[in-house]
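Here's the structure we're looking at; comments come further down.
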Amino acid sequence: DAGVTQSPTHLIKTRGQQVTLRCSPKSGHDTVSWYQQALGQGPQFIFQYYEEEERQRGNFPDRFSGHQFPNYSSELNVNALLLGDSALYLCASSFGTSDTQYFGPGTRLTVL
Amino acid sequence: DQQVKQNSPSLSVQEGRISILNCDYTNSMFDYFLWYKKYPAEGPTFLISISSIKDKNEDGRFTVFLNKSAKHLSLHIVPSQPGDSAVYFCAASEGSGTGANNLFFGTGTRLTVIP
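Residue numbers (this note's numbering), protein chains in the order written: chain A, 1 to 112; chain B, 1 to 115.
Written out as structure tokens, the structure is:
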């Protein structure tokens, strides 16, 4: 049973560029949430997708956008990258009304 | 504004003894709580959870206690093993049972179990 997978593992971009991160949820899960984890901090909620729509959003600017596909996989897009966007980006999946989220290994984004 | 707080950045425990990790929260609307373990270069791994209608949940060596009046929860690991050495995150959410929940995390406690 495949868990949550994310790609790429690492990514280096420069300021002003755009980036797309990808996530495949755990088998049978239909909800995908994205989190940003800065060094030394706990993960912070970016947004959650369910039925291909953004269901909830955290306190992140519009530069952060996402998408969920019919197969429940998801993308996180960040435009106009800033140095402060350097972080570990985590994807988590869950099913239906379950409150437990299962995390992928993350994508380490470095903005130079 | 940090709604979930883990005030101990680190904890060292001898192998075989009990590890107690603590977590405090400020939002009285939180009704579901989780503990995750994180190794370097990996994502958080779900350990155990508890709903606000309970005050204790046990799973093998792991027990979570919830004190709603004090807005405090703790994770007990007995007996502690060297493989338990990791960073432990406490998380909380509201809207239990809806699936539409965003998790609020603490800043983590690094547990080191000394052989």
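Virtual Cβ for every residue (Gly too), placed ideally from N, Cα, C.
Check whether G42 of chain A and G43 of chain B have beta carbons under 8 Å apart: no
For D59 of chain B, three-class secondary structure by DSSP: strand
8 Å Cβ cutoff met for L103 of chain B and V13 of chain B: no
Paired residues, beta bridge with K5 of chain B - DSSP: B:D24
CB contact flag (Y102 of chain A, V4 of chain A, <8 Å): Yes, these two residues count as a Cβ contact at 8 Å.
For I46 of chain A and F64 of chain A, believed in contact at Cβ under 8 Å, the rounded distance: 6 Å
contact_flag[the region 86-93 of chain B, the region 79-98 of chain A] where n(CB pairs < 8 Å) is 3 or more: no
Beta-ladder partner(s) of R22 of chain A, from DSSP: A:S7, A:E75
Identity of the residue in A:G40, A:I12, A:T20, A:E75 nearest A92 of chain A by Cα: A:E75
Candidates A:A87, A:T110, A:R55, A:L112, of which the one nearest Y35 of chain A by Cα: Closest in alpha carbon position to Y35 of chain A, among A:A87, A:T110, A:R55, A:L112, is A:A87.
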